[in-house]
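Take a look at the structure set out below.
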Amino acid sequence: MFKLIRQEIDAMIARDPAARSRWEIALCYPAFHAIMGYRGTNWLWKRGFRITARFLSQILRWLTGIEIHPGATIGKRFFIDHGMGVVIGETAEIGDDVTLYQGVTLGGTSPSVNSDGQRGLKRHPTLEDGVIVGSGAQILGPFIVRKNARVGGNAVVLSEVPEGATVVGIPAKIVRREKDDRFCAYGTPLGDLPDPVARALEELGREVQTLRNQIAALEADRAGTAAGADTPAKPRIVAASE
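Here the sequence shown stands for residues 1 to 242, numbered as in our numbering.
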């Protein structure tokens with residue numbers, strides 16, 4: 001238990017430059033309190049004390065602003081930076097070394113449709129090892145966000161994200177596929193990120209210009225052919241000897 005607590009604290013120190021000591025993490029970080037509380041409620045949940053687990057998780061929600069369902073599966077060295085407004089659903093699965101920022105939702109789609117039929121089914125996403133999710137992002141549905149993927153702030157992810165990819169936007173689109181194991185704050189790499197919408201508009205603009213050039217060439221050729229047909233033929237000059 002103490003080894004697990006030490007790992008959680010050290011992971012937070014490694015990913016948050018504002019953290020200066022283990023005591024600061026233990027006393028002042030609501031994410032640490034929420035995660036440690038989740039470990040206890042998850043232990044109760046797995047042993048059938050589900051009402052008790054849910055009640056304690058609600059108390060932790062009031063105290064920390066972070067809602068983690070005790071039925072969720074969370075790996076080692078999990079870090080929620082700032083934390084306020086984070087929601088993690090019952091069937092969500094989170095691997096090792098995952099980082100979430102404030103306002104992230106790991107939710108399901110259409111939970112009010114045939115609720116009885118959905119109980120016990122996988123409704124929430126799976127985040128593999130090393131995933132980083134930026135603030136305000138919504139990951140909705142029972143699909144997988146693959147290892148070391150990056151989800152930009154306020155993105156709405158509705159389908160599987162490939163390993164190492166970076167996705168942004170509503171709905172989320174892939175803007176980078178390079179695999180990178182380095183930590184990336186807020187899930188958004190520094191530097192020039194291509195905008196998929198702007199890129200599509202640029203390609204469409206180039207195609208329109210190409211078509212315009214082709215049309216202009218055809219019209220010029222057609223005009224030249226018509227001018228040649230309208231010009232009267234020059235009379236043939238024949239020598240007297242002929």
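Glycine is no exception: its CB is placed at the ideal position from the N, C-alpha and C atoms.
* Would you verify that the beta carbon of residue 79 is, or is not, closer than 7 Å to some beta carbon of chain C? => Given the protein chain composition of this structure (a single chain), no chain C is represented.
* Would you list the residues sitting across from residue 106 in a DSSP beta bridge? => 88 and 139
* To do: Would you mind stating whether residue 74 and residue 94 have Cβ atoms separated by less than 7 Å?
  => yes
* Could you tell me the distance, in whole angstroms, from the CA atom of residue 107 to the CA atom of residue 171? => 15 Å
* By DSSP, does residue 8 sit in helix, in strand, or in coil? -> helix
* Label residue 138 either buried or exposed according to how many other C-beta atoms from any shown protein chain fall within 10 Å of its C-beta, with 16 as the threshold for buried. => buried
* So the alpha helix (DSSP H) residue 78 belongs to, where does it begin and stop? -> That residue, residue 78, is in no alpha helix (DSSP H); it is neither H nor E in DSSP.
* Could you tell me if the beta carbon of residue 31 falls within a distance shorter than 6 Å of some heavy atom in the ligand COA? => You won't find the ligand COA in this model; it holds no ligand whatsoever.
* To do: Give the C-beta separation of residue 131 and residue 103 to the nearest angstrom, bearing in mind that I take them to be a contact with Cβ-Cβ under 8 Å.
  => 16 Å between Cβ atoms; not a contact.
* **residue 250 in three-state terms, based on DSSP** => Residue 250 falls outside the range modelled here, since the chain spans only 1 to 242, and no answer is possible.
* **residue 63, buried or exposed, once every other Cβ within 10 Å from all chains shown has been counted against 16** => exposed
* To do: Assess, as a yes-or-no matter, whether the segment 38 to 47 is touched by the segment 66 to 73 under the definition of 3 or more beta carbon pairs within less than 8 Å.
  => yes
* Please state if the CB of residue 141 and the CB of residue 153 are separated by a distance shorter than 7 Å. => no
* Asked: Could you give the residue range of the alpha helix (DSSP H) that holds residue 60?
  -> 50 to 64
* Please name the residue in 216, 214, 213 and 176 whose C-alpha comes closest to that of residue 199. => 176
* To do: Would you mind working out which of 84, 126, 13 and 6 sits nearest residue 158, comparing C-alpha positions?
  => 126
* Asked: Cα-Cα, which of 90, 147, 148 and 34 is closest to residue 123?
  -> 90
* **One or two residues paired with residue 94 in a DSSP bridge** => 74 and 127
* Asked: Is residue 47 helix, strand or coil when you go by DSSP?
  -> coil
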